[in-house]
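Chemist: One structure is given below, represented as structure tokens, and several questions about it will come after.
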Amino acid sequence: MTSSVVGCRIAVAVCGGIAAYKVASLVSQLVRLDAQVDVLMTEEAKRFVSALTFGALTHRAVHEDPWQLDNQGEIAHIALARSIDLLVVAPATAHTLARLAHGLADDVVTLIALATPAPVLLAPAMDAGMYGHPAVTENVTTLQQRGYHVVGPRSGRLASGLTGLGRLAEPDEIVAAVEALLHWRRDLAGVRIAVTAGGTQEPIDPVRFIGNRSSGKMGYAIAQAAVERGANVTLVSAPTSLPAPPRVTQVAIQTALELREALHGLLDQVDVIIQAAAVADYRVADPETTKIKRSGEALVLELVENPDIIAGIGALPQHPLLVGFAAETGAHLDEARAKLRRKGLDLIVFNDVSKQGSGFGSDMNEVTLVPARGEPEVLPLLPKLDVAHRLLDRVRDMLQASARSVL
Ligand code: PMT
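Residue numbering for the sequence shown follows the working numbering, starting at 126 and increasing by one per position.
Written out as structure tokens, the structure is:
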């Protein structure tokens, strides 16, 4: 099978750690797989390996100077940032991780990371004591939440002579991660997708609301995956604690009625709607305008039904491709199928939210993709980003097969 790397433009950013010498092997493997590889080096990286090594391997000039212009007179690393399919940072040192997490832009590596719309793969390597430090852990978590991908580090003998977690992932493993990321390269280019995420909040009074357990992770993962595949993504989000994935247009909503208004405003601007938000079925009929005080009496709230937003869109004579989620507790697939038909959806993602380690709040989800036509696809327990990609594979196939033909 042909590698997904063939013909891709990959930038490899080399930072100052002893593992920099292994990156020569990584770059060589990528070149042999027929990728066009551009190497960027920090000043510290050049203490370990020379630019000549990478220039000789890639047959291309190595980027070392942020002030360099290319042949067209453009700032070289910015032009590069716009043209690449993937940026790999290896070794990603503690110092570079901190600078990336803080958005600094003081060398070619941090500059290209800020400027590129391409996915970024970090391959951390450092002493085990450093990798275990909470500051480094927090920086890695922050970057992952912003959509960066991470491969390694691995446990083993370190340059210090100690054994622990901090070895750069082997070049083969990094190449495998690169291939996985490039697998979907731009297969949704130009497709306009609205994704909804999080749990709506229905006010009781100015300080209280009726909410649910949705963290937004599933919807944000779909938005991130869609952007990585080249889609134009609008993320309609209820309040969450998640940072917006890079390069999505975010629309903030709080209530189900606001969500409905936002989606109706997007109807003729999108090709696909993926409704992963957990929408409250009821709202307080008449929320108080001032904080409700204790009265010593029972408090009765009158709830009225919210509109079924996705069903309302599904009933329109013309609408974008519609994907819904079915959050069930121990229910059978037939109930998801019934929901799919009742709401006029093209596909429903069935998840049993009563399962431990899956569904609400978790980084993982176990779902079955149930299309209106064709067989359901049962997926194993997967990270939400992988669930998102598997879902988008089906969306891509449905767009290709349908009269909508935006691909
Ligand atoms: O956010 P996370 O913590 O990552 O959790 C993810 C999730 C469990 C919230 C997500 O995977 C999920 O299942 N989202 C849908 C939750 C839900 O509202 O399911 P439902 O079965 O009640 O509704 C079915 C579909 O109709 C959903 O697409 C829902 O968004 C939509 N709906 C529901 C009610 C309503 N009034 N309007 C709607 O459009």
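Note that the Cβ used here is the ideal one computed from N, Cα and C, for glycine as well.
None of the values given here were measured: they were computed from a predicted structure.
How about residue 400: is its C-beta nearer than 9 Å to some C-beta of chain B?
Modeler: Absent from the structure is chain B; it holds one protein chain and no more.
Chemist: Let's test the definition: count the other Cβ atoms within 10 Å of the Cβ of residue 509 and tell me whether it reaches 16, buried, or not, exposed.
Modeler: Here residue 509 corresponds to residue number 384 of the sequence shown, with the count starting at 1. Residue 509 should be labelled buried.
Chemist: Could you compute how far the alpha carbon of residue 132 sits from the alpha carbon of residue 353?
Modeler: The residue labelled residue 132 in the question sits at position 7 within the sequence shown. The residue labelled residue 353 in the question sits at position 228 within the sequence shown. Going by the C-alpha atoms only, they are around 17 Å apart.
Chemist: Let me check you understand the geometry: is the CB of residue 469 closer than 8 Å to at least one non-hydrogen atom of the ligand PMT?
Modeler: In the sequence shown, the residue the question calls residue 469 occupies position 344. No - the ligand PMT has no heavy atom lying nearer than 8 Å to the Cβ of residue 469.
Chemist: Where does residue 273 sit, in a helix, a strand or coil, going by DSSP?
Modeler: In the sequence shown, counting from the first residue as 1, residue 273 sits at position 148. If DSSP states are grouped into helix, strand and coil, residue 273 belongs with coil.
Chemist: Take residue 447 and list the residues in its own chain whose beta-carbon comes closer than 6 Å to its own, dropping the five residues that flank it on each side.
Modeler: For this step, residue 447 is matched to residue 322 along the sequence shown. The beta carbon of residue 447 lies closer than 6 Å to those of 398, 439, 470 and 471 in the same chain, with the five residues before and after it left out.
Chemist: I think residue 154 touches residue 358, with their Cβ atoms under 8 Å apart; what is that distance to the nearest whole Å?
Modeler: Here residue 154 is taken as the residue at index 29 of the sequence shown, counted from 1. Here residue 358 is taken as the residue at index 233 of the sequence shown, counted from 1. The Cβ separation is near 32 Å, so there is no contact.
Chemist: Using 8 Å as the cut-off, classify the Cβ of residue 349 as near or not near the heavy atoms of the ligand PMT, replying yes or no.
Modeler: Stepping through the sequence shown from its first residue, residue 349 is reached at position 224. Flag unset: Cβ of residue 349 not near the ligand PMT.
Chemist: Could you have a look at residue 330 and say whether DSSP puts it in helix, strand or coil?
Modeler: Indexing the sequence shown from 1 puts residue 330 at position 205. Residue 330 falls in the strand class under three-state DSSP.
Chemist: Taking the C-alpha atoms as reference points, what is the distance between residue 413 and residue 430?
Modeler: Against the sequence shown, residue 413 aligns to sequence position 288. Against the sequence shown, residue 430 aligns to sequence position 305. Taking the straight line joining both Cα atoms gives about 18 Å.
Chemist: Pull the bridge partners of residue 256 from the DSSP assignment, please.
Modeler: Position 131 of the sequence shown, counted from the first residue, corresponds to residue 256. Answer is none; residue 256 lacks a bridge partner.
Chemist: Give a yes or no on whether the C-beta atoms belonging to residue 179 and residue 139 are separated by under 9 Å.
Modeler: The residue given as residue 179 occupies position 54 in the sequence shown. The residue given as residue 139 occupies position 14 in the sequence shown. Taking 9 Å as the cut-off, the beta carbon of residue 179 is found closer than this to the beta carbon of residue 139.
Chemist: Helix, strand or coil for residue 163, going by three-state DSSP, please let me know.
Modeler: If you number the sequence shown from 1, residue 163 lands on position 38. Three-state result, residue 163: strand.
Chemist: Quick one: grab the DSSP three-state call for residue 335.
Modeler: In the sequence shown, the residue the question calls residue 335 occupies position 210. Reduced to three states, the DSSP call for residue 335 is strand.
Chemist: Given residue 462, which residues of its chain have a CB within under 7 Å of its CB, disregarding the five upstream and five downstream residues?
Modeler: One-based indexing of the sequence shown puts residue 462 at position 337. Excluding positions up to five away in sequence, the list reads 495.
Chemist: Please determine, among 449, 216 and 459, the residue with the shortest C-alpha to C-alpha distance to residue 403.
Modeler: Stepping through the sequence shown from its first residue, residue 403 is reached at position 278. Among 449, 216 and 459, the Cα nearest to that of residue 403 belongs to 449.
Chemist: How is residue 264 classed by DSSP in three states: helix, strand or coil?
Modeler: Looking up residue 264 in the sequence shown gives position 139. The answer is helix: DSSP assigns residue 264 an H, G or I state.
Chemist: Quick check on DSSP: helix, strand or coil for residue 459?
Modeler: Here residue 459 corresponds to residue number 334 of the sequence shown, with the count starting at 1. It is helical.
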